[in-house]
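Worksheet: one structure, shown below.
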Amino acid sequence: MKRLISALLCLMLTLTAHSGSVQAKVNSGSTVSEQQYTRIGEDYDILDENVLLDKKDGSIWTWVLNKDYLETLDFYVGEMYHIPGLQDVKQFRYKSREIDGRDVINYVALKKDGTVWYWDSKTGEADATIIHSPMNTPSPIKDLDNVTSIVADFFDSYKFKTLFVLKSDGSVWSWGSEIGDATSTPIQSKLLDDVASINSARGLVYAVKKDGSVWRWSTSSYLPDYISENKGPEQIKGLVNIVNIQLSGYENFAFKQDGTVWSWPAYEPEAIPKQIHQATGARAMVEFSMMSRMMLLDQFIDTMYSLQTNDQLWSVYNDDKVFPGLTDIATIYLKHRDKYSTWYYAFKKDQTLWAWDNSYASLPKLVVFTKGTAADIRSGTTEISTSKRPSTTETPNGERTGTTETPTGKRPEAVVQPEKRTSPEISLYPFITMLQPGGQQPIIATNVVPRTQITYTIDDPSIGTLANVNGVPVVKAINSGQTIVRATISRPGVPNETTYVLLYVMGGSMQSNTYLTAVRSLPDIDKQNPLMVEGLTQAGELVISAASTEKMTPVNGQFVITSELIARLAGNASKEKSAIQQTLSENKITLARELIVNAEIVTLSNPNEYVFKLNKEGLVGRKDIDYITVQAGDAKLVFNVATAERLFQSQPVIVIRLAKESNGGYRVQFQNEQGQELSGIPSNIQLILPTSQIDATNTSVFYVNGKAREPIGGKYNPSKNGMEAEINRSGTYLVEENSKSFPDMNGRDPELMQAVQFLGSKGIVSGKGNGNFMPDSLLTRAEFTTMLVKVFNAMDETAKESFSDVEPPQWHYPFIASSEKNHIVEGYPDGTFMPDRTIERQEMTAIGARFLHERKHYYYPSNPEEYLNRFVDKETVSKWAKPTMSLAVKQRLIDVPADKQIKAREAVTRGEAARMLYRLYLQL
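Just so you know, my numbering puts 61 at position 10 of the sequence shown, and the rest follows in order with no gaps.
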């Protein structure tokens, strides 16, 4: 092991700044100029087969590894050569005179507009050191358009090239033509329909159809001499439900919808594919030569690894072995050199490219790119010119910030801006699932935007199985043990992601111990992942709830919640909470918020009407318990202990009656101690109703009282298995479909479309005038206040306001009055509210962050500058707004824009507010 670490350390490059240039320092002490291309991904898009696309001007470059330095340097030298006459290319296939040669003699290119272009050299005109001048400019292939993917093969002995294209309608066509003769008549034919992707290697083309089947044919079978005998594509046996294939060195790989990976020898295309069990959930596969192990005399190097969602390479033979020294991998690229050799390229998130060959003893090395020849390597250093890109700086959290002047005072760095996140990260609930044999638990995915497909698999089916119940994955426990339930998330145009749930099946009641075991066994990398930490937080809260649960029988027809009962619940919860906090601390897991204590009361009888009696003295002033949930048949009521003082006010007792009605609704009635009905209560409680609609995008909880019928919001709560909404009035409540759409939202990003649809279905937002939402219109304080009052169901018809510029019959009067009464949006010191004034970005985020802090107990960051430093104009954030703005960034209520400008005091749009409220709603 020590020998391996030493070998890997020898590969590391030390970047040093010198006279405004960036250099790579090798072990001998000599240096080679980076020439702005060590972090190649900052200036170029990387395509397969050693092709680069310039991000600035769209020009195309090919590159080869300088053979003179393959073994003498601690890095590879990639020499770049410009392909003239082409721009904005999507795919590029070419032929060199020799393997890895610099002399391009034929190529076929797919441009981003769907057209296909080709170019051939004259025989014998290829230069040995650099691409020659073309005999003419590239030519488009006539009548070949709407192409989405290509593969090509060039046959020198036949002077013929074959091309296979996938069109946007899913059809695959062959196109063949003589090399170097533009006047020859092309041979064209249609091969397949309903194809999703095509790929090729070693003279074979593979097509994955939309039904998950895989088809194969030989490129040579479409040569003129053989096409009459061609039987067409043949289906590969044993491959079904395939979403992608990877043609590698010794093995080909197929990736199924369920996350499993199957392989067959590349040199035996007729072989039946077999499953690689340890590769389940992989994004890609890589291979290393057996010689790597033999020459390093170290058994740690295995011959095959899978790229998993934590961006590391995991051995498929030893599931606890990670390939050392190569982390943060974004993508794997390949170049097939010959029948048995493949170069692998690992493109890392720091924009560097690392390469190795699977056919001989090589470990990954950094590729340093240069233009033209690499003669400068022999003479030491070469400074980059002032027009090149200086180095970037890294903040402690890894994000680039600001610009950095070179020591010579030359042009500042062109910072690569992060892309705007157009959808929140998907998380699964519950992160830790603890069941007894025979128990079942639905797995709920949150933050799922339209056109997202999630495929679930379970690592060990002997411990648990998965079933689909009304579109919801349900895990069923079988035998004691532990395993992982994985979810592969697929979105159009976005690389697949994988997340997971830990499943523990217990022979007895050991929930607390199981949770503590799970925390201790969590990989260190996941202990820093915000989604995993939130998953641990929620799982810990479930354990606390289980420890503070009591069964209850009615007394004289009433379930009386006494001070003694609450004291017992709080005592049990405190003990469990302390044990969990200690374990998290010992394992160096820092929570983003305080653990919430939710005690539960299970009612044993099943009356037609549930009557709950709440005593003020038992609830007011308690700091050791946050919520109390009481079961009422298949519905639940949740009381917020922190607002008990407002709930009771002058009432020493509140009685709540709940009964299920014949129409599927639930009638709720509030009474005082004497049995007199209260039209409403001063503070909201939560009502959770059963529903089969886990996706709450188009559903709402409705309030019905006589002729009054209105949506009051609601979201699915996986821990309570129902639709929850805040209520404060006597009446009937039910869950119904309430789909809303706005014509001008078509074409917007998926998350914004879903946010507006979600909020519209709950009556929180509405259209303006012609029914359009107008997401780009500036938002007024009155409009935002109205949205917030509806989000929190805080409407109070009896509320009075005190602002000099708000009075009836203005449309916003009741909303601003209700907001003032419930301390949602404050007015100005001069006694005005200014309802028509636009709302600043820092004002909007402050309100969202404050509710995260108050309702979910999120901590304000102790180091707000860590989050504010992500903006180049952080000085626009007022001092009072720094804590709330930093929390909003940390919890992703808002994004860091591509230009890194927060513009904290500028007005926000209706679309921005809808997006933030949607994210807030899902977190509360």
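Positions of the beta carbon are idealized from the N, C-alpha and C atoms, including for glycine. Keep in mind the model is a prediction, meaning the values are calculated, not measured.
From the options, pick the residue whose C-alpha is nearest to that of residue i; which is it?
i, options, result
"ALA569", "ASN197, LEU290, GLY92 and TYR555", "TYR555"
"TYR95", "GLN402, THR393, GLU338 and VAL246", "GLN402"
"ILE707", "LYS602, LEU616, TRP114 and ILE732", "ILE732"
"ALA381", "LYS163, VAL312 and THR360", "THR360"
"LYS372", "PRO741, SER357 and PRO237", "SER357"
"TRP44", "PRO275, GLY227, GLN893 and ALA317", "Any property of residue 44 remains undetermined from this structure, which presents the chain solely from 52 to 975."
"ILE249", "VAL223, GLN504, GLY227 and SER240", "VAL223"
"ASP108", "THR89, ILE134, VAL115 and ASN117", "ILE134"
"GLU848", "ASP856, TYR864, MET838 and ALA833", "TYR864"
"VAL128", "ASP204, ALA868, LYS163 and VAL419", "VAL419"
"GLN727", "ALA710, VAL704, TYR767 and PRO320", "VAL704"
"LEU377", "LEU417, GLY608, THR393 and ILE293", "LEU417"
"ASP204", "ASN823, GLN974 and SER251", "SER251"
"LYS210", "THR641, SER228, SER314 and SER200", "SER228"
Return yes when the Cβ of residue j is within less than 9 Å of the Cβ of residue i, no when it is not.
i, j, result
"GLU696", "GLN737", "no"
"LEU944", "LEU971", "yes"
"ILE652", "PHE610", "yes"
"SER110", "GLN142", "no"
"ASP677", "ALA693", "yes"
"ILE495", "LEU517", "no"
"ILE875", "PHE843", "yes"
"LEU698", "SER734", "yes"
"ASN649", "GLU592", "yes"
"ALA683", "THR654", "yes"
"GLU338", "TYR395", "yes"
"HIS908", "ILE617", "no"
"PHE398", "GLY92", "yes"
"ALA621", "ARG537", "no"
"THR588", "ASN666", "no"
"PHE304", "ILE327", "yes"
"ALA955", "VAL928", "yes"
"GLU834", "PHE884", "no"
"ARG985", "VAL202", "One cannot answer for residue 985 here, as it falls past the ends of the chain, which runs 52 to 975."
"MET846", "LEU810", "no"
"TRP268", "LYS260", "no"
"ALA710", "TYR661", "yes"
Distance check for residue j and residue i, CA to CA, integer angstroms please.
i, j, result
"ASN530", "PHE482", "19 Å"
"THR889", "GLY962", "14 Å"
"GLY757", "SER713", "16 Å"
"GLN952", "THR600", "48 Å"
"TYR273", "GLY254", "11 Å"
"PHE902", "PRO581", "19 Å"
"MET345", "PHE374", "Since pLDDT at MET345 reaches only 40, below the 50 mark, its modelled position is unreliable, and no value is offered."
"THR748", "ILE535", "29 Å"
"LEU553", "ASN873", "40 Å"
"ASN157", "VAL584", "53 Å"
"ASP309", "ILE540", "11 Å"
"VAL940", "VAL681", "35 Å"
"VAL140", "VAL545", "19 Å"
"VAL523", "VAL500", "16 Å"
"SER781", "ARG718", "8 Å"
"ALA335", "GLN297", "8 Å"
"LEU968", "GLU645", "22 Å"
"ARG966", "LYS422", "45 Å"
"ARG921", "ARG90", "21 Å"
"GLN350", "GLN492", "For GLN350, the predicted model reports a pLDDT of 44, less than 50, meaning its position is unreliable and no value from the coordinates is stated."
"TYR277", "LEU243", "19 Å"
Per DSSP, residue i is paired with what?
i, result
"GLN142", "LEU161"
"LEU740", "MET774"
"MET131", "TRP114 and LYS422"
"ALA528", "GLY515"
"THR641", "Its beta-bridge partners do not exist; DSSP assigns none."
#### Entry: beta strand (DSSP E) segments (min. 3 residues) lying fully within the segment 742-793
Runs found: 750-756, 759-762, 766-768, 773-780 and 782-788.
#### Entry: Whole runs of the alpha helix (DSSP H) within the segment 826-870, excluding any shorter than 4 residues
Segments of the alpha helix (DSSP H) lying fully in the segment 826-870: 832-842.
### Task
Quick one: which unbroken beta strand (DSSP E) runs of 3-plus residues sit fully inside the segment 222-307? Chain order, please.
Complete beta strand (DSSP E) runs here, min 3: 223-229, 238-243, 246-252, 255-260, 265-269, 293-298 and 302-307.
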